[in-house]
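Sequential numbering of the sequence shown, starting at 210, is according to my numbering. Just so you know, even glycine gets a beta-carbon here, dropped at the ideal spot from N, CA and C. For reference, the structure discussed in these notes is given below.
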Amino acid sequence: MARRRLALIPPAGTVYVDLSAVTFGGSALIHYLQILARRAAPSPLHLYGAHGMTASVLHLAGLADAAVLHGVGVPGRRADRSSKHRRPDAIRS
C-alpha cells in the first residue's frame, strides 16, 4: 500500500512529514522515509516531531544524514491528537 501511495506523489518540492504521533517506527517506516528522501531530492525531506524510540531509530538508520530532523511539529499546522493510531502523513509545499 505504501508503494502505491508513494507512486502518487510527484517527485518535486520539499516534503514535510509530521511524526509527532508515531510511537513505533520500524523497518517499514524507515523504508518509506528513505524512498521519500530519494524522491524529494535535491530538495530536503523535513521530519518533524520524532521522539523517543522513533527518533533513535531514525538516527540509527542514517536518516539524520538524508533528511532534516526537527524536534517539534510542522510549523503552522494545528496539533491534532484525536486519534491514538495515526499514520505519518506527508505534506508537500
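Inter-residue distance for Val231 and Leu238 is about 10 Å (C-alpha atoms, whole angstroms). Judged by beta-carbon spacing, Val277 lies within the 7 Å limit of Pro253, meaning their Cβ atoms are closer than that value. His255 counts as buried, since no fewer than 16 other beta carbons sit within 10 angstroms of its beta carbon. Val226 sits buried, since 16 or more C-beta atoms from the chains shown fall within 10 Å of its C-beta. Annotated three-state conformation of His268 is helix, per DSSP. Around the Cβ of Leu272, a 10 Å sphere holds 16 or more other Cβ atoms; the residue is buried. Within its own chain, no residue has a Cβ closer than 7 Å to the Cβ of Asp274 once the five positions on either side in sequence are excluded. Shown here for Val266: same chain residues with a beta carbon closer than 7 Å to its own, the five before and five after excluded, namely Gly234, Ile239 in chain order.
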